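J.: Residue numbering for the sequence shown follows the UniProt record's numbering, starting at 1 and increasing by one per position.
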Amino acid sequence: MTTDEVKEAVAAALASDGRMSVEALSRSLGLTSAVVRKAMTALSDDGLAVRAVVHPAVLGLPECAHLRLRVDGPLDHVLDALCARPEIPFVSHVAGGHTLSAEIRVAARTTLASVVAEVAALPGVAGVDLDEYLDIVRDASLDLPRPGVPQPLDEIDRALVTELQADGRRSFAAMGEQVGLTTASTRSRVLRLIETEALRIGVRRRPGPGTVQVGYRLSAPATRAETLTVLRDLPDMSYLALTTGSADFVGTLTCASLGDASRALTRLRAVPGVRALQSWTHLDVVKEIYA
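1) If you count every other CB in all the chains shown that lies within 10 Å of the CB of residue 163, and 16 or more means buried, which is it?
2) Output the boundary residues of the alpha helix (DSSP H) element that contains residue 217.
3) Run the CB neighbour count on residue 77, radius 10 Å, all protein chains shown included, and call it buried at 16 or more, exposed below.
4) According to DSSP, simplified to helix, strand and coil, what is residue 127?
5) When you compare only the Cα positions, how much space is there between residue 206 and residue 287?
6) Alpha carbon to alpha carbon, how far is residue 281 from residue 80?
7) With the cut-off set at 8 Å, would you say residue 242 and residue 248 are in Cβ contact?
8) Examine the Cβ distances between the segment 157–172 and the segment 86–93 and report whether three or more of them are shorter than 8 Å.
9) How many Å lie between residue 118 and residue 87 at the Cα?
10) Where does residue 227 land, buried or exposed, given buried means 16+ other C-beta within 10 angstroms?
11) Cα separation between residue 137 and residue 196?
12) In the DSSP assignment, find the beta strand (DSSP E) that holds residue 311 and state where it starts and stops.
13) When DSSP labels each residue in this structure, what does residue 109 get in the three-state scheme?
14) Locate the alpha helix (DSSP H) running through residue 81, then write down its first and last residues.
15) For the beta strand (DSSP E) containing residue 254, name the first residue and the last one.
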């Protein structure tokens with residue numbers, strides 16, 4: 001295999017099992033450990049990381065929404081206010097229809113309503129439109145598991161989740177030392193989190209120079225289930241949420257260029273049942289902390 005073919009093979013294997021050992025990767029791919037390690041280093045240099053993704057409901061934050069803000073005048077004070085709020089893990093300056101995009105994740109609908117009202121009252125905010133989530137089904141290009149009844153996580157579970165969100169391949173020994181557990185106890189807890197689908201560990205690609213991220217919202221009232229299946233399989237779909245209200249889906253396309261973004265939106269418009277597609281381009285992601 002060529003160097004690029006080796007890298008893609010290793011990336012594909014890690015996508016299916018992000019914690020597969022170098023030795024297991026070597027056996028699975030028929031390569032030497034040295035070749036696998038070299039490929040993993042090259043993939044890391046290319047912006048690929050192995051990380052855990054977690055449904056917010058697992059963390060006790062089942063109420064989520066996407067905000068579209070229209071802002072008059074300077075943005076700095078509005079951005080500062082949004083970024084200072086722990087309930088808002090994502091803030092982006094965008095072009096196309098509105099000024100800022102933000103996401104809220106909270107424990108209760110009453111809290112969601114309060115946060116939205118406080119954001120709308122910020123000086124300079126001319127309007128706020130809300131898409132309330134029914135579910136998040138894809139994040140960082142990974143299908144996102146959601147347990148039917150999320151098991152509550154204790155303080156140690158949450159600490160392990162945070163460790164795995166930073167580095168999905170961190171050793172059990174290193175995590176155990178961080179949280180005050182033995183290696184065996186750490187291994188047992190992490191495997192339980194994975195087996196119960198409290199989290200999923202896979203590959204995430206850091207947007208590189210020239211990468212274009214396009215947000216969108218659309219309706220598909222007559223074909224909601226069928227449209228969801230198609231949207232999940234689109235190659236550029238990095239984020240996807242089901243919503244209630246004037247849109248049925250909100251998501252993000254991550255593309256290598258403006259041309260690719262244009263083609264991705266064209267494919268989206270061609271999905272049977274899709275109506276009222278609106279899109280915007282992320283100019284500057286100011287805050288993105290999902291931990």
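Virtual Cβ for every residue (Gly too), placed ideally from N, Cα, C. Just so it is clear, the structure is predicted and the values come from calculations on it, not from any experiment.
T.: In terms of the structure at hand:
1) For residue 163, the number of other beta carbons within 10 angstroms of its own is at least 16, and it is reported as buried.
2) Residue 217 -> not in any alpha helix (DSSP H); beta strand (DSSP E) instead, spanning 212–219.
3) Burial check for residue 77: the Cβ neighbour count within 10 Å stays below 16, so the residue is exposed.
4) It is a strand residue.
5) Whole-angstrom Cα-Cα distance: 15 Å.
6) Using only the alpha carbons, I get a separation of about 21 Å.
7) A distance below 8 Å separates the beta carbons of residue 242 and residue 248.
8) Output reads no: the segment 86–93 does not touch the segment 157–172.
9) Distance between the alpha carbons of residue 118 and residue 87: 12 Å.
10) Classification of residue 227: buried, given that the 10 Å Cβ count is 16 or more.
11) Per the coordinates, the alpha-carbon of residue 137 lies some 17 Å from the alpha-carbon of residue 196.
12) The first residue shown for the chain is 1 and the last is 291, placing residue 311 beyond what the model contains.
13) Helix.
14) Per DSSP, residue 81 belongs to the alpha helix (DSSP H) from 76–83.
15) Its beta strand (DSSP E) spans residues 249–255.
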